[in-house]
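This report refers to the structure that appears directly beneath it.
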Amino acid sequence: MKEKASIYIFDTNIFLTGIDFNVIEGVIYTTPSIIEEVNDSRYKEKNRNILNKIYAAIEARTLKIKVPKNEYITKISEISKDTGDFNALSDADKGLLAISLELIEEQGENLRIYSNDYTIENVCSELNIPYSSLYKDGIEAKIIWEIYCPYCKKIHRAEDLNKNCEICGLKLRRRPKK
Ligand SMILES: [Zn+2]
Numbered sequence: 335m336k337e338k339a340s341i342y343i344f345d346t347n348i349f350l351t352g353i354d355f356n357v358i359e360g361v362i363y364t365t366p367s368i369i370e371e372v373n374d375s376r377y378k379e380k381n382r383n384i385l386n387k388i389y390a391a392i393e394a395r396t397l398k399i400k401v402p403k404n405e406y407i408t409k410i411s412e413i414s415k416d417t418g419d420f421n422a423l424s425d426a427d428k429g430l431l432a433i434s435l436e437l438i439e440e441q442g443e444n445l446r447i448y449s450n451d452y453t454i455e456n457v458c459s460e461l462n463i464p465y466s467s468l469y470k471d472g473i474e475a476k477i478i479w480e481i482y483c484p485y486c487k488k489i490h491r492a493e494d495l496n497k498n499c500e501i502c503g504l505k506l507r508r509r510p511k512k
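The sequence shown begins at 335 in the working numbering and counts up by one.
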């Protein structure tokens, strides 16, 4: 864990790393859709230990399940349309971003989203929501990122991340290079 946050927002792929919740000093939030994804019947057997940890953490109140509000889902949809990430965001992704936005706006919480999804990372950078990834086996270091413009799709140099496209002026994004 990099910086200390009092609230941690976890995406499905973070739960699936099998992270030990006891190392977290603070409260973890997620949405019902994320828990449903972990509880997917296709992986139920494989994820049994993870689900048991989740249920224990809910009981211990270190993990809270929050239902996203429509007004925040709408905000996330609008912002992700502006950034070009709308089509890449699932409903579960939007819900996760929506509860983060709500917790920050209504409670001013010191919060950080944990996800291994670069579309979520893009929207977080647009909203200035702190973001971290948490890869199993240090996979992160092996990813080669490609910097691109979400509008004209032009590929830019790595050092251009956080700059704007010189053709359309949109903020550049990154994605794993195929
Ligand atoms: Zn462009």
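Using N, Cα and C, we set each Cβ at its ideal position, and we do this for glycine too. All values reported here derive from a predicted model rather than from experimental measurement.
Within 8 Å, strictly: CB atoms of residue 447 and residue 465 = yes
Ignore the nearest five residues each way along the sequence and tell me which others in residue 435's own chain have a CB closer than 8 Å to its CB.
-> 406, 409, 410, 461, 463
Verify whether the separation of the beta carbon atoms of residue 457 and residue 431 is less than 8 Å.
-> yes
For residue 417, three-class secondary structure by DSSP | helix
CB-CB under 8 Å to residue 498, same chain, minus the five flanking residues each way: which ones, in chain order?
-> 504, 505, 506
4 or more residues per run - each alpha helix (DSSP H) lying fully within the region 416-471 = 425-441, 452-461
Within this structure, are the beta carbons of residue 426 and residue 371 separated by less than 8 Å?
-> Yes, Cβ-Cβ distance for residue 426 and residue 371 is below 8 Å.
State the start and end residues of the unbroken beta strand (DSSP E) segment that holds residue 366.
-> For residue 366, there is no enclosing beta strand (DSSP E); the enclosing alpha helix (DSSP H) has its first and last residue at 366-372.
Completely contained beta strand (DSSP E) runs for the region 335-360, where each covers 3 or more residues = 341-344
Span of the beta strand (DSSP E) around residue 482 = 479-482
Cβ shell of residue 490 (< 6 Å), same chain only, five flanking positions each side left out = 481, 506
Nonlocal neighbours in the same chain, by C-beta distance under 7 Å from residue 385, ignoring five residues either side = 372, 373
Can you tell me which of the three DSSP states residue 502 falls into?
-> coil
Alpha carbon to alpha carbon, how far is residue 445 from residue 344?
-> Roughly 11 Å between the two C-alpha positions.
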